[in-house]
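Reviewing the structure listed below.
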Amino acid sequence: MPNPADQPEPSRRPAPKPVPGSVLSATRFSVLDRSRTREGRPDAEALRDTVTLALEAERLGFHRFWVSEHHGVPGVAGSAPTVLAAAVAAATSTIRVGTGGVMLPNHQPLVVAEQFGVLESLFPGRIDMGLGRSVGFTDGVRRALGRDKDVADDFSAQLDELLGWFAGTSPTGVHARPADGLAVPPFVLAMGEGATIAARAGLPMVIGDLRSRERMLRGIDTYRAGFRPSAWASEPYVVVSGTVAVAATPAEARRLLVPEAWSMAYSRTHGTFPPLPPAERVESRTMTAKERGFYESGLAGQLAGTADEVAHELETVVKETGAQEVLVTTSTYDRAALVDSYRRLARVVDR
Numbered sequence: 001m002p003n004p005a006d007q008p009e010p011s012r013r014p015a016p017k018p019v020p021g022s023v024l025s026a027t028r029f030s031v032l033d034r035s036r037t038r039e040g041r042p043d044a045e046a047l048r049d050t051v052t053l054a055l056e057a058e059r060l061g062f063h064r065f066w067v068s069e070h071h072g073v074p075g076v077a078g079s080a081p082t083v084l085a086a087a088v089a090a091a092t093s094t095i096r097v098g099t100g101g102v103m104l105p106n107h108q109p110l111v112v113a114e115q116f117g118v119l120e121s122l123f124p125g126r127i128d129m130g131l132g133r134s135v136g137f138t139d140g141v142r143r144a145l146g147r148d149k150d151v152a153d154d155f156s157a158q159l160d161e162l163l164g165w166f167a168g169t170s171p172t173g174v175h176a177r178p179a180d181g182l183a184v185p186p187f188v189l190a191m192g193e194g195a196t197i198a199a200r201a202g203l204p205m206v207i208g209d210l211r212s213r214e215r216m217l218r219g220i221d222t223y224r225a226g227f228r229p230s231a232w233a234s235e236p237y238v239v240v241s242g243t244v245a246v247a248a249t250p251a252e253a254r255r256l257l258v259p260e261a262w263s264m265a266y267s268r269t270h271g272t273f274p275p276l277p278p279a280e281r282v283e284s285r286t287m288t289a290k291e292r293g294f295y296e297s298g299l300a301g302q303l304a305g306t307a308d309e310v311a312h313e314l315e316t317v318v319k320e321t322g323a324q325e326v327l328v329t330t331s332t333y334d335r336a337a338l339v340d341s342y343r344r345l346a347r348v349v350d351r
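So the sequence shown is numbered by UniProt numbering: it starts at 1 and just counts up by one.
Following this line, the structure appears as structure tokens:
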């Protein structure tokens with residue numbers, strides 16, 4: 001088992017605690033990008049945009065940059081997170097790079113350990129291993145992956161096996177090369193029973209979304225109450241995740257949310273998650289009552305507004321949750337407006 005004293009953040013020492021008057025500046029802020037595709041643009045462009053955004057996130061001082069895993073989804077190009085993480089890490093030099101996350105039920109733990117072992121070997125001290133328990137988006141995708149919904153029930157055992165490959169404790173006599181003996185910080189995405197699993201394993205936890213505040217707080221309470229110190233983390237480490245959009249006016253910030261809100265509404269009414277459309281086309285669209293309901297729900301309660309408005313909301317979130325870190329995931333059709341939102345956010349959290 002790796003020595004905790006030798007581990008990268010957050011295992012090496014507790015994150016700084018928020019103090020009065022500097023709640024946001026004492027909190028880490030990171031970025032999760034899902035490589036969302038845009039209408040009329042190739043998937044390859046979405047992947048290149050992710051790498052470009054990572055460079056901007058590094059320049060702006062964000063702590064981590066994570067990528068995600070989705071299979072067979074027209075609106076998401078990020079299907080191979082460890083491959084994309086390698087491209088991001090190669091293009092950047094200081095920001096931590098990881099996954100939010102690798103969906104462990106879709107893979108053999110040995111293969112996941114080997115992939116992260118390669119990443120850590122190539123980019124030492126910069127790699128995070130975010131792990132989730134979701135399976136494929138549709139029955140067809142699950143069949144193509146050779147998985148079914150029940151496999152997610154084995155997540156706790158799969159997690160134990162994965163961590164065992166890094167510790168060199170596999171009972172098979174096989175060693176994961178080059179993962180054996182390396183310290184790649186693991187995080188659990190707290191979906192469903194994820195908070196309980198993260199607590200039992202003594203791992204940092206990522207939980208969202210920011211709109212479901214009561215449910216999020218219950219999950220955090222469950223995690224902290226059941227946390228068992230481990231070689232990976234000596235105390236609970238909470239990352240809260242959600243959409244944050246910052247613009248010059250509240251109306252402009254809300255408009256950033258429009259393409260994603262429509263994509264979510266479309267997926268719930270048509271069964272497929274489409275590429276992001278331009279906001280103006282969504283706003284001029286005639287929607288059914290059902291579509292309108294899902295669309296308005298997607299816009300409601302998000303952290304969107306001017307810098308002052310968002311700063312106030314983020315301070316409230318951090319104080320309520322006691323989170324050490326906020327993982328921001330924002331998608332919109334207008335790439336320039338998206339980058340501008342992150343630039344404004346960086347100024348907010350540096351106050």
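Note that CB positions come from ideal geometry on N, CA and C, so glycine has one too. Quick caveat: nothing in here was measured; it's all calculated off a predicted structure.
With distances taken between CA atoms, V111 lies nearest to D180 out of G61, D180, L60 and L55.
DSSP places L303 in the strand class (E or B) of the three-state scheme. Bridge pairing for M129: P186 [DSSP].
Counting along the chain, the unbroken beta strand (DSSP E) around I207 starts and ends at M205 to I207. For E114, the uninterrupted alpha helix (DSSP H) run begins and ends at P109 to L122, by DSSP. A direct Cα-to-Cα measurement between S230 and T330 gives close to 32 Å.
Annotation: the segment 85-109 contains no complete segment of the alpha helix (DSSP H) (minimum length 4 residues). Here G72 carries a coil assignment [DSSP, helix/strand/coil]. Residue environment for D128: buried (at least 16 other C-beta atoms within 10 angstroms of its C-beta). The three-state reading of DSSP puts D160 in helix, counting H, G and I together.
Counting along the chain, the unbroken beta strand (DSSP E) around S30 starts and ends at R28 to D33.
In the three-state scheme derived from DSSP, where H, G and I count as helix and E and B as strand, W165 is classed as helix. Here DSSP, grouped into helix, strand and coil, assigns L327 to strand. Short of 7 Å from the beta carbon of M191, and not among the five residues preceding or following it, lie these beta carbons of its own chain, in chain order: G132, R133 and S134. DSSP places R218 in the helix class (H, G or I) of the three-state scheme.
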